[in-house]
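Chains as they are written, first to last, in the working numbering: chain E, 1 to 176; chain U, 1001 to 1176.
We put the beta carbon where it would ideally sit given N, CA and C, even for glycine.
Just so you know, these numbers come straight off a predicted model, no measurement behind them.
Report on the structure given below.
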């Protein structure tokens, strides 16, 4: 049994003073921890007929690609503006200062597909909510939103549950 | 036997007139093709004691995460500036207009580690060469540089071989 929390490096005051940054690269760098995390993230969904794993740019790609193979699903990238070459749908979301957009290819999902939305971490949930909106515009059936790390104090998981999304995470950091 | 080339969408005149953009998202979206591609990309290395897969930001993450799990290796992200939270080494490389940088955490590899460098596509090879330099500064032993798509007309694979790197790819597009 791997203690995933111990595999994550905390960097104080990054990217701004007072923020405890949870650095997942140290977990991913550990072959045993990374393989076990992918297995544990997939476990609830192995019999759910997941047809696509939608990973959020860019750390969600690292988990999402591996989860897609494990689940026998395709992979769908949800990306920052200007990164996808074909026609896209877009959704804006708020950042602390200003806003950003998430894009999805218009043919990224088929109606009724069983999709997992994946990112490394959920904080306020703005990006993930944009991902949910994109997948719903494509008429996907979102099985769950899956994160390696949840920061429940920031309310992202609650925010997703309020719009009817099941949320799964492996690790939770509360307080600072 | 999957015809990988047929799974890749070509987008003419993207991002600029005269460029035939090879869109790998259509291959990744196909569960069978994606799983087979990961298996075929890993096949030459299953008995090579690969300890780390270094993926290049951002499409290299999709392949690299899956390959790391398949090979029982850790995953190392090589990223654009400002994306890695811990101390980094950096290497600059030329773009058509201007230059960019690739960063690696200073503790990303241990001396002598057997590393695969992975990206979705090799064109001129500038980004991949920056990745090679970073891994060599970390004293890694680069087993191979692995790409889903090679554009041999643009000389990237030749450029890597000239600096002593083994290059592997699954698909090759020549001409325009």
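Quiz item: By the criterion of Cβ-Cβ separation under 7 angstroms, what are the contact partners of residue 1123(U) in chain E?
Solution: Within chain E, no residue comes near residue 1123(U); the closest Cβ sits about 14 angstroms away, beyond 7 angstroms.
Self-check item: Where residue 28(E) meets chain U, residues with beta-carbon distance less than 7 angstroms
Solution: 1074 and 1075
Quiz item: How about residue 167(E): is its C-beta nearer than 8 angstroms to some C-beta of chain B?
Solution: Absent from the structure: chain B. Protein chains present are E and U.
Quiz item: Of all the residues that make up the segment 1045 to 1070 of chain U, which are near chain E by a beta-carbon distance shorter than 9 angstroms?
Solution: 1051, 1052, 1055, 1057, 1058, 1059, 1060, 1061, 1062, 1063, 1064, 1065, 1066, 1067, 1068, 1069 and 1070
Quiz item: Would a C-beta distance cut-off of 8 angstroms place residue 81(E) and residue 1023(U) closer than the cut-off?
Solution: no
Quiz item: Which residue or residues does DSSP assign as beta-bridge partners of residue 1168(U)?
Solution: 1146(U)
Quiz item: Any idea what DSSP makes of residue 1094(U), helix, strand or coil?
Solution: strand
Exercise. Report the rounded CA-to-CA distance for residue 1042(U) versus residue 1107(U), giving the unit in angstroms.
Key: 25 angstroms
Quiz item: Any idea which residues DSSP pairs residue 122(E) with across the strands?
Solution: 150(E)
Self-check item: Residue(s) in a DSSP beta bridge with residue 101(E)
Solution: 92(E)
Quiz item: Name the chain E residues that come within less than 9 angstroms of residue 1025(U), Cβ to Cβ?
Solution: 75, 76, 77, 84, 85, 86, 105 and 108
Quiz item: Taking all protein chains shown into account, do 16 or more other C-beta atoms lie within 10 angstroms of the C-beta of residue 91(E), making it buried, or fewer, making it exposed?
Solution: buried
Quiz item: Would the beta-carbon of residue 1037(U) fall within 8 angstroms of that of residue 1170(U)?
Solution: yes
Quiz item: Taking Cβ positions, are residue 1173(U) and residue 29(E) nearer each other than 8 angstroms?
Solution: no
Quiz item: For residue 1137(U) and chain E, any beta-carbon pair shorter than 8 angstroms?
Solution: no
Quiz item: Less than 7 angstroms between the CB of residue 175(E) and some heavy atom of the ligand HEM, yes or no?
Solution: Judged by which ligands are present, the structure shown has none, so any question about the ligand HEM falls away.
Quiz item: From residue 1061(U) to residue 175(E), what does the alpha carbon distance come to, in whole angstroms?
Solution: 30 angstroms
Quiz item: Which residues in chain E sit within 8 angstroms of residue 1011(U), going by Cβ to Cβ distance?
Solution: 85 and 86
Quiz item: Cβ of residue 119(E) within 8 angstroms of Cβ of residue 56(E)?
Solution: yes
Quiz item: Is it right to say residue 1095(U) is buried, meaning 16 or more other beta carbons lie within 10 angstroms of its own, or is it exposed?
Solution: exposed
Quiz item: Taking C-beta to C-beta, are residue 1114(U) and residue 1143(U) nearer than 8 angstroms?
Solution: yes
Quiz item: For residue 66(E), which residues from the same chain have a beta carbon less than 7 angstroms from its beta carbon, with the 5 sequence-adjacent residues on both sides left out?
Solution: 38
Self-check item: Closer than 8 angstroms to chain U by CB, residue 93(E)
Solution: no
Quiz item: Would the beta-carbon of residue 1045(U) fall within 8 angstroms of that of residue 1116(U)?
Solution: yes
Exercise. Taking only the alpha-carbon atoms, compute the straight-line gap between residue 136(E) and residue 111(E) and give it to the nearest angstrom.
Key: 9 angstroms
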